[in-house]
Amino acid sequence: MLKDIAILTGGEVISEELGLELKDTQISQLGRAKSVKVKKENTVIVDGMGDKKEIENRIAQIKATIEVTTSEFDKEKLQERLAKLAGGVAVIRVGAATETEMKEAKLRLEDALAATRAAVEEGIIAGGGSAYI
482 MLKDIAILTG GEVISEELGL ELKDTQISQL GRAKSVKVKK ENTVIVDGMG DKKEIENRIA
542 QIKATIEVTT SEFDKEKLQE RLAKLAGGVA VIRVGAATET EMKEAKLRLE DALAATRAAV
602 EEGIIAGGGS AYI
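Just so you know, the sequence shown maps onto residues 482 to 614 in our numbering.
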C-alpha cells in the first residue's frame with residue numbers, strides 16, 4: 482500500500498526496513514499531488530504527480546496478481562488497490578428528509594453499485610434486452 486502511494490505521488494517509501502530514516506529524508510524523496518486530505522478514517526490524494534509509466538506498470542503488476550490469486554478476499558482488496566491507482570475512486574453521499582427515505586436511497590445505491598461491479602467484471606451489451614432478439 483505504501484509503495485502504491487509512493488508510485489502515485491512520485492515519492493519513495495521511507496522505512497527503516499528499507500534502510501531509510503525520516504531524519505535523513507531529502508525533499509527530492511517526497512511525492513507531490515494537487516491536494517491531499519487526511520481524515521481520521523481515510524486519506525484522499527488528488528492528482529498524484531507520479532510517473533505515468535510507473536503507475537501503469539504497478540497497475541499491470543496488480544492485475545497479474547489478481548489473475549493468480551485464489552482467495553476472494555485478496556482479490557477484492559487487490560481490486561480496491563487497482564481502482565485507487567487507476568483513479569477509479571468516487572465518494573457518493575446520499576441524504577434524505579426522513580430515515581425511511583434514507584434507507585430506501587441507500588438500498589438503491591447498493592443495488593446500483595452491485596450492478597456496476599457486475600458490469601465491470603462480466604462486461605455489458607449495449608442495448609441490453611435487444612441482444613436477446
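Backbone N, C-alpha and C fix where the C-beta goes; we use that ideal spot for every residue, glycine too.
CA-CA distance, D532 and L563? As a position in the sequence shown, residue 532 is number 51, starting the count at 1. As a position in the sequence shown, residue 563 is number 82, starting the count at 1. Looking at the two C-alpha atoms, the distance is approximately 16 Å.
For A514, the first and last residue of its enclosing beta strand (DSSP E): Numbered from 1 along the sequence shown, position 33 holds the residue referred to as residue 514. Per DSSP, the continuous beta strand (DSSP E) segment holding A514 begins and ends at A514 to V519.
Could you compute how far the alpha carbon of E548 sits from the alpha carbon of E603? Within the sequence shown, the letter at position 67 stands for residue 548. Within the sequence shown, the letter at position 122 stands for residue 603. A direct Cα-to-Cα measurement between E548 and E603 gives close to 15 Å.
7 Å Cβ shell around G492 - same chain, five flanking residues per side excluded: Indexing the sequence shown from 1 puts residue 492 at position 11. Setting aside the 5 residues that flank it on each side, G492 is surrounded in the same chain by Q510, L511 and G512, each with a C-beta closer than 7 Å to its C-beta; the list follows chain order.
In whole angstroms, what is the alpha-carbon distance linking R574 and E535? For the purposes of this step, residue 574 is taken as the residue at position 93 of the sequence shown. For the purposes of this step, residue 535 is taken as the residue at position 54 of the sequence shown. Between the C-alpha atoms of R574 and E535 there is a straight-line separation of about 32 Å.
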